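Everything below concerns the one structure shown next.
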Amino acid sequence: MNKKIRVLIAKPGLDGHDLGAKYVARGLRDAGMEVIYTGLQQTSEQVVTSALQEDVDVIGLSFLSGAHLGLVRRIMSGLQEAGLGERMVLVGGTIPKNDTPQLKSLGVAEVFPTTTPMEKISEYIQQRLNKSG
Amino acid sequence: MKKDVEVDKIAKEKQRWMEQFKVDQSPPITSDDVGEIQAVYTPADISDTDYLRDIGFPAEYPFTRAPYPEMSRHKPWRYSLFTGFDNPEKTNERWKFLYKAGQPSFNIVYDLPTHLGIDSDDPLAEDEVGRVGIPIDTIRDWDALWADLPMDGVPFNNNIETLAAIIIAFHVATAEKRGIPPDKLWGSISNDPLSTAVSKGTTVFPLKHGVRLATDLIEYSTSNMPRFFPVNLKAVNMAEGGASMIQEMAFVFSNAICLIDEALKRGLDIDDFAGKFSFFGCSTTHLLEEVAKWRASRRLWAKILKEKYGAKKASTLAFKFTGYHNPLWLYSEEPELNLVRATIGALASALGGTQAMPHPGYDEAYAIPTEKSQSLALGTQQILAEETNIIKTVDPLGGSYYIEWLTNRIEEEIVKKMKEVDEEWGGSIKAITNGNMQREILEHFFHEQQAIVSGERVVVRKNKYRVESEDEDVNSRIVLHEQDTKSVNDHVARLKKVKAERDNSEVERLLAKLSQQAKGSENLMPCLIEAAKAYASIGEITNTLKGVWGQYEEPVII
Chain A
1 MNKKIRVLIA
11 KPGLDGHDLG
21 AKYVARGLRD
31 AGMEVIYTGL
41 QQTSEQVVTS
51 ALQEDVDVIG
61 LSFLSGAHLG
71 LVRRIMSGLQ
81 EAGLGERMVL
91 VGGTIPKNDT
101 PQLKSLGVAE
111 VFPTTTPMEK
121 ISEYIQQRLN
131 KSG
Chain B
1001 MKKDVEVDKI
1011 AKEKQRWMEQ
1021 FKVDQSPPIT
1031 SDDVGEIQAV
1041 YTPADISDTD
1051 YLRDIGFPAE
1061 YPFTRAPYPE
1071 MSRHKPWRYS
1081 LFTGFDNPEK
1091 TNERWKFLYK
1101 AGQPSFNIVY
1111 DLPTHLGIDS
1121 DDPLAEDEVG
1131 RVGIPIDTIR
1141 DWDALWADLP
1151 MDGVPFNNNI
1161 ETLAAIIIAF
1171 HVATAEKRGI
1181 PPDKLWGSIS
1191 NDPLSTAVSK
1201 GTTVFPLKHG
1211 VRLATDLIEY
1221 STSNMPRFFP
1231 VNLKAVNMAE
1241 GGASMIQEMA
1251 FVFSNAICLI
1261 DEALKRGLDI
1271 DDFAGKFSFF
1281 GCSTTHLLEE
1291 VAKWRASRRL
1301 WAKILKEKYG
1311 AKKASTLAFK
1321 FTGYHNPLWL
1331 YSEEPELNLV
1341 RATIGALASA
1351 LGGTQAMPHP
1361 GYDEAYAIPT
1371 EKSQSLALGT
1381 QQILAEETNI
1391 IKTVDPLGGS
1401 YYIEWLTNRI
1411 EEEIVKKMKE
1421 VDEEWGGSIK
1431 AITNGNMQRE
1441 ILEHFFHEQQ
1451 AIVSGERVVV
1461 RKNKYRVESE
1471 DEDVNSRIVL
1481 HEQDTKSVND
1491 HVARLKKVKA
1501 ERDNSEVERL
1511 LAKLSQQAKG
1521 SENLMPCLIE
1531 AAKAYASIGE
1541 ITNTLKGVWG
1551 QYEEPVII
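Chains as they are written, first to last, in this note's numbering: chain A, 1 to 133; chain B, 1001 to 1558.
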């Protein structure tokens, strides 16, 4: 039996602009995944704890304030420490193209800027995890 | 009688025209906000509208046409592009740039730690200091911001919702140290803890405490700052959060009513304070609907203030607003086209009778604006105000059959929605706590996104008329704002120095006093001003208040 893909959508940092995160959360839900949305103002520790507690396959991080590099660095090291280093981490939002290589070198699987069509994100997850959600 | 006969004749002729040209068989066109939009509008479509009763004259009830007699005829609306980044010194520089480029006002946005009452040296503020606005921790920073500028010289407008009272305490404290009394200070501040809880999320305290703090500022300002507007409600937060124009105005009016009711409980007279309420909202490229929305808002506000509150003064009854193009509907694809979109939004605000106008940069989808993108933004407004002649008369679109019909329809819809907030949701605080407003706005946003994905809502270059090469080299042709790490580090170092050099026992004493007063119902402003003068930080003050009031918990809705 196909188990549903579990995705954590998180808003790390202080920014309260959550439309992107909610839009993706809903889109992944419509694509048949189980989605947990953290709400606003999550510290990197809180994101790691949620990922562990919810035992998710994918961790999606939404950044619209430009504070992504430091937060991703801390979250990735937290996930490693918690034994979740192999889980898929995706970043979305207002991410300058030039920052993508740095994010990937930190272990982020893929970066989806705000112009990304929804199905590109759900298909990416489904193909990589080889499940139909 | 003669008028009725004429209107009947026109109505019949319209019917004849529609049949003759088969317009009645052509597919109907609808708008989500006002329903069906007809091919043509005539006097018969606004036959219930009475000019003197419903439209009237500028600065007179029901204020449909304008809050003031001559508006921008002799002086343009207040150009008010806001800015803030890195640290107070860099913000001061950009203010001066804008001032020299022809903007006679200072307008500010704050960074996220400041919005949330987190000091720049707090681990929670890491990576966020000075990124999307100015960092302010103590009045040492305020002094640096205003170093060589006249605190009472130009209007000063602040974009901060929940901690407005603390910022004004900083402002008054710094001014008093320079020998400038509070009654000389002019400008405005959002001071709207409700709209930010609906959207944008810079809420700090549980709503009833946020409202208490906001009312403390309203009360203090009413007595001590006659030139200051202590409430500039953030309709913009709802609009930027995806709200429809009806939701935007209905929800912000409901939030205004909540604040008015609190101020009245303090024994203030409606005509003493409500005239110093203003609104900051959005226009869009739906030019004509937006003009009508502003006219409908003026008429409705006047009716509410008169019928619900018995206000008498024109200054109370007159709805005043700041409007700019909604940044939510600016895009990454061929972003230079955002210059055009923002111009149309600005035109809508201008024709709608705005008192002041910020303006998004064309690079809105990428970063906060550079000097260049702000120069283009400011220049756009200057052209609209000073090259087009549109300001030579007040409410130039008044009298258009379509505009008057739209004004009537939009007013009807806002009234309906406000009734729902009041009667079904229990007013703003309940509606926001239960997530009613948030849910509706989100549904509207998703609906619009679907329309963009399906192509039903056209976005040039994004879902129609795509030019692939435009996306490829956009990064090479746009210069984006970059954070200046050294400036941010200097700012944090300054905070550490202030904390080390001030009289810490005095700060402790004043924070204890604040804590006591927060438990009661005393107006906190005098204590906040004292604490500010002693160099208490925004983080220390906020934590003290959180210690008494607790922290806001967002109802999480997807």
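Beta carbons: idealized from backbone N, C-alpha and C, even for Gly.
Predicted, not measured: the structure shown is a model, and the values here were computed from it.
Taking just the CA atoms, how far does residue j sit from residue i?
i: R73/A; j: I1557/B; result: 28 Å
i: L1300/B; j: P1058/B; result: 15 Å
i: T1138/B; j: D15/A; result: 22 Å
i: E1440/B; j: A1243/B; result: 8 Å
i: K1513/B; j: I1160/B; result: 25 Å
i: L103/A; j: T1114/B; result: 27 Å
i: V1291/B; j: Q1038/B; result: 18 Å
i: V1474/B; j: E1334/B; result: 7 Å
i: S132/A; j: Y1331/B; result: At S132/A, the pLDDT of 47 sits below 50, so the modelled position is not reliable; the number obtained from the coordinates is stated separately. Taking the straight line joining both Cα atoms gives about 32 Å.
i: V1132/B; j: T1091/B; result: 12 Å
i: Q1459/B; j: S1105/B; result: Contrary to the premise, residue 1459/B reads as Val rather than Gln in this sequence. V1459/B and S1105/B: Cα-Cα distance of roughly 34 Å.
i: P1150/B; j: T1174/B; result: 12 Å
i: G1547/B; j: L1510/B; result: 15 Å
i: K1009/B; j: R1016/B; result: 11 Å
i: S1505/B; j: G1179/B; result: 26 Å
i: V7/A; j: M33/A; result: 7 Å
i: V1415/B; j: V1252/B; result: 12 Å
i: M1525/B; j: I1136/B; result: 18 Å
i: M1018/B; j: L1351/B; result: 30 Å
i: S1487/B; j: L1259/B; result: 38 Å
i: D1045/B; j: A1011/B; result: 8 Å
i: G1310/B; j: H68/A; result: 51 Å
i: F1321/B; j: H1444/B; result: 24 Å
i: Q126/A; j: E1240/B; result: 32 Å
i: R1266/B; j: V1453/B; result: 50 Å
i: L1213/B; j: A1518/B; result: 9 Å
i: K1293/B; j: C1282/B; result: 10 Å
i: S77/A; j: L90/A; result: 15 Å
i: F1063/B; j: F1277/B; result: 16 Å
i: D30/A; j: E86/A; result: 25 Å
i: I1055/B; j: Y1402/B; result: 14 Å
i: C1527/B; j: I1432/B; result: 30 Å
i: P1231/B; j: S1047/B; result: Inspection of the sequence shows that residue 1231/B is occupied by Val rather than by Pro. Answer to the nearest angstrom: the Cα atoms are 37 Å apart.
i: F1170/B; j: E1387/B; result: 39 Å
i: E81/A; j: G1117/B; result: 31 Å
Whole-angstrom Cβ separation of residue i and residue j, contact assumed at under 8 Å?
i: M1437/B; j: V1198/B; result: 5 Å
i: L1406/B; j: V1034/B; result: 6 Å
i: M88/A; j: V58/A; result: 5 Å
i: M1225/B; j: D1261/B; result: No, M1225/B and D1261/B are not in contact; Cβ-Cβ is about 22 Å, not under 8 Å.
i: A1263/B; j: F1273/B; result: 5 Å
i: V1479/B; j: K1372/B; result: 7 Å
i: A1342/B; j: A1377/B; result: 7 Å
i: I1246/B; j: E1413/B; result: 5 Å
i: K972/B; j: H17/A; result: A question about residue 972/B goes unanswered here, because the residues of chain B that appear run from 1001 up to 1558.
i: Q1381/B; j: A1346/B; result: 6 Å
Any chance the CB of residue i is under 7 Å from a heavy atom of the ligand FAD?
i: R1298/B; result: The model depicted lacks the ligand FAD and carries no ligand whatsoever.
- request: May I have a chain-ordered list of the beta strand (DSSP E) segments no shorter than 3 residues that lie completely inside the region 53-124 of chain A?
  value: 58-63, 88-93 and 110-113
- request: Below 8 Å between beta carbons is the criterion; list the residues of the region 94-109 of chain A that meet it against any residue of chain B, in chain order.
  value: T94, P96, K97 and N98
message: With a threshold of 8 Å, are at least 3 pairs of Cβ atoms found where one atom belongs to the region 1492-1510 of chain B and the other to the region 1356-1368 of chain B?
response: no
query: Which residues, in order along the region 72-84 of chain A, keep a beta-carbon less than 9 Å from a beta-carbon of chain B?
result: R74
- request: Specify whether the region 1532-1542 of chain B and the region 1166-1173 of chain B touch according to this definition: at least 3 beta carbon pairs, one from each stretch, less than 8 Å apart.
  value: yes
Residues of the region 31-58 of chain A whose Cβ lies closer than 9 Å to any Cβ of chain B, in chain order: V35, Y37, T38, G39, L40, Q41 and T43
query: In chain order, what residues of the region 1123-1148 of chain B put their CB closer than 9 Å to some CB of chain A?
result: P1123, L1124, A1125, E1126, D1127, E1128, R1131 and V1132
message: Just to confirm the assignment: which complete beta strand (DSSP E) runs, minimum length 3, are found wholly within the region 1280-1339 of chain B?
response: 1321-1325
Every unbroken alpha helix (DSSP H) within the region 1111-1155 of chain B, with a cutoff of 4 residues, ordered by chain: 1112-1115 and 1139-1145
- prompt: Looking at chain A, which residues of the region 1177-1208 of chain B have a Cβ within less than 9 Å of any of its Cβ atoms?
  reply: T1196, S1199, K1200, G1201, T1202 and T1203
field: Where the region 1349-1383 of chain B meets chain A: residues whose CB sits under 9 Å from a CB there
entry: A1365, Y1366, A1367 and I1368
message: Give me the subset of the region 1101-1119 of chain B whose CB atoms are less than 9 Å from a CB atom of chain A, sorted by chain position.
response: D1111, L1112, P1113, H1115, L1116 and I1118
message: Can you pull out the residues from the region 1306-1340 of chain B whose beta carbon lies closer than 9 Å to at least one beta carbon of chain A?
response: L1328, Y1331, S1332 and E1333
query: For the region 1192-1208 of chain B against the region 1138-1148 of chain B, are there 3 or more C-beta pairs whose distance is under 8 Å?
result: no
task: At 3 residues or longer, and completely inside the region 1143-1216 of chain B: list those beta strand (DSSP E) runs for me, N to C.
output: 1156-1159 and 1187-1189
Within the region 1010-1046 of chain B, ranges of the beta strand (DSSP E) (whole runs, at least 3 residues): 1029-1031 and 1035-1037
task: Using a Cβ-Cβ cut-off of less than 8 Å, give me the residues of the region 11-26 of chain A that come near chain B, in sequence order.
output: G13, L14, D15, G16, H17, D18, L19, K22, Y23, A25 and R26
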